[in-house]
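The numbering of the sequence shown is my numbering, which starts it at 360 and goes up by one. Glycine residues also receive a C-beta, built at the ideal position from the N, C-alpha and C atoms. Source: prediction; values computed, not measured. Shown next, in structure tokens, is the structure this report addresses.
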Amino acid sequence: DGVWRRDELESALKSYRLKLDYEDFLVLWGHLDQDRSGVVDLGEFIRGLVGEVNEARFGVIRRAWSKVDPSCTGTTSPVTIRHFYNPVISLNPNEEESGNKSSLMEEFLDTFSIGGKKQTITFSEFLDYHTAISLTEASDEVFARYMKTCWNV
Numbered sequence: 360d361g362v363w364r365r366d367e368l369e370s371a372l373k374s375y376r377l378k379l380d381y382e383d384f385l386v387l388w389g390h391l392d393q394d395r396s397g398v399v400d401l402g403e404f405i406r407g408l409v410g411e412v413n414e415a416r417f418g419v420i421r422r423a424w425s426k427v428d429p430s431c432t433g434t435t436s437p438v439t440i441r442h443f444y445n446p447v448i449s450l451n452p453n454e455e456e457s458g459n460k461s462s463l464m465e466e467f468l469d470t471f472s473i474g475g476k477k478q479t480i481t482f483s484e485f486l487d488y489h490t491a492i493s494l495t496e497a498s499d500e501v502f503a504r505y506m507k508t509c510w511n512v
């Protein structure tokens, strides 16, 4: 369902043999469950583990978002995404691309959908996705080049 409950996270940690005493686990859970909803979504999990993206990366993500949400509603549609998104495989320009753009587009859109096709994508989801992608590249310059390639910003 796209979220973890406390017992699910506790079970996952145990399955990876990551042992925390109960008090430490409660501190971890409190840190991850930022909105105190009783569940942790992907965005909370990423922000809890690595924090927010830096200002340079946030700026390029925001510029990409402004292309798909020009009316500043906070949401966009898969149709609009399809119009602007140019999928790439790697942040490394020396790696050869594989796969066709159509399947890469579907994979990208599927990351926003759990249990069916999603009709809207929020800025928060868009930011969470690109924050996760950002973790794979240490260089702000390479990340910016990736975003420029994908979103023509």
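Residue j beta carbon less than 8 angstroms from that of residue i
i: Ser436; j: Gln478; result: yes
i: Gly433; j: Phe482; result: yes
i: Phe443; j: Val427; result: yes
Residue i versus the options, residue with shortest Cα-Cα distance
i: Val399; options: Asp380, Leu379, Gly361; result: Gly361
i: Tyr488; options: Ser462, Val438, Asn459, Phe417; result: Phe417
i: Asn445; options: Ser370, Trp510, Glu465; result: Trp510
i: Asp499; options: Ser396, Glu414, Gly410; result: Glu414
i: Ser493; options: Gly397, Ile440, Val412; result: Val412
Boundaries of the beta strand (DSSP E) in which residue i is found, first to last residue
i: Asp400; result: 398-400
i: Val362; result: 362-364
8 angstroms contact criterion, which residue i and residue j should meet: CB distance rounded
i: Leu379; j: Leu387; result: 7 angstroms
i: Leu401; j: Ile440; result: Not really, about 18 angstroms apart at Cβ, beyond 8 angstroms.
i: Leu391; j: Glu403; result: 6 angstroms
The alpha helix (DSSP H) enclosing residue i, as first and last residue numbers
i: Leu468; result: 460-469
i: Val501; result: 499-510
Problem - Continuous beta strand (DSSP E) assignments of at least 3 residues falling wholly in the segment 367-449 - result: Along the segment 367-449, the beta strand (DSSP E) occurs as fully enclosed runs of 3 or more residues at 398-400, listed in sequence order.
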